[in-house]
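**Q** Take a look at the following structure, please.
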């Protein structure tokens, strides 16, 4: 039987998850983004930070859930230059979260310091995202729209390193910022949960 305290905690948890999802969508649709100087078709942004923070605060399933909601909203409202672009982004986020998940498993067993844990999570998130997205982009960008951009093999060889740099540098600031946000919430959440 659920106690009143458990119901309150469940309601607060659900409300916080909704806030993370809404913040992710609002930041995604906001003008807070700028083009990568080496590849202006790729945009640096901050809307993945709440997903990383939610993952670190709630765990892998909630991070994936928020990323999935974001993908659905983008597919419906603003898919970008490529109609399947939100699917590419979803793959990028899931791969990054998978690396972070492995990092949490490695650091939780060893009782590592927070800075070391953040560095390991960041490194593994970057590696997973770059490897997975390099394979995804190599496999699908060669197809015509709406799947890809009809890129030739030569164009792919030129673009894949730039896209890999983008994926690495985006994760390089997203994961630490998400970690900082999650830690701040954990300190405050003790009061409310």
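Numbering (the numbering used here), first residue to last: 258 to 450. Ideal Cβ placement from N, Cα and C applies to all residues, glycine included. Predicted model only: the values in this text are computed from it and were never measured.
1. Using the Cβ count rule (16 or more neighbours within 10 Å means buried), how would you classify residue 415?
2. Provide the residue span of the alpha helix (DSSP H) that contains residue 307, from first to last.
3. Just checking my contact of residue 312 with residue 354 at CB under 8 angstroms: how many whole Å lie between their CB atoms?
4. Work out the CA separation of residue 269 and residue 450 for me, nearest whole Å.
5. By a C-beta neighbour count over all protein chains shown, 10 Å radius and 16 as the cutoff for buried, is residue 378 buried or exposed?
6. Starting from residue 293, trace the beta strand (DSSP E) in both directions and tell me its first and last residue.
7. Would you kindly work out how many angstroms separate the C-alpha atoms of residue 235 and residue 287, rounded to a whole number?
8. Buried or exposed: where does residue 307 fall if 16 or more other Cβ atoms within 10 Å of its Cβ makes it buried?
9. Would a C-beta distance cut-off of 7 angstroms place residue 387 and residue 424 closer than the cut-off?
10. Which residues mark the beginning and the end of the alpha helix (DSSP H) in which residue 335 is found?
11. Pull up the distance between the alpha-carbon of residue 446 and that of residue 440, whole angstroms please.
12. Short check: CB of residue 333 to CB of residue 382, under 7 angstroms?
13. I need the DSSP call for residue 406, collapsed to helix, strand or coil.
14. Can you tell me whether residue 301 is helix, strand or coil according to DSSP?
15. In the DSSP assignment, find the alpha helix (DSSP H) that holds residue 229 and state where it starts and stops.
16. My understanding is that residue 303 touches residue 289, with C-beta atoms under 8 angstroms, so please give their C-beta distance in whole angstroms.
17. Verify whether the separation of the beta carbon atoms of residue 417 and residue 391 is less than 7 angstroms.
18. With 16 other CB atoms within 10 Å as the buried threshold, where does residue 305 fall?
19. Mind checking whether residue 282 and residue 319 have CB atoms under 7 angstroms apart?
**A** From the atom records:
1. exposed
2. 306–315
3. 5 angstroms
4. For residue 450, the predicted model reports a pLDDT of 47, less than 50, meaning its position is unreliable; a value from the coordinates is still stated below. Distance between the alpha carbons of residue 450 and residue 269 is about 8 angstroms.
5. buried
6. 290–293
7. No answer is possible for residue 235: it lies beyond the span of the chain, which begins at 258 and ends at 450.
8. buried
9. yes
10. Taken as a continuous stretch (DSSP letters only), residue 335 belongs to no alpha helix (DSSP H), as it is neither H nor E.
11. So the two alpha carbons sit approximately 10 angstroms from each other.
12. no
13. coil
14. strand
15. Here the chain has residues from 258 to 450 only, and residue 229 is not among them.
16. 6 angstroms
17. Cβ atoms of residue 417 and residue 391: closer than 7 angstroms.
18. buried
19. no
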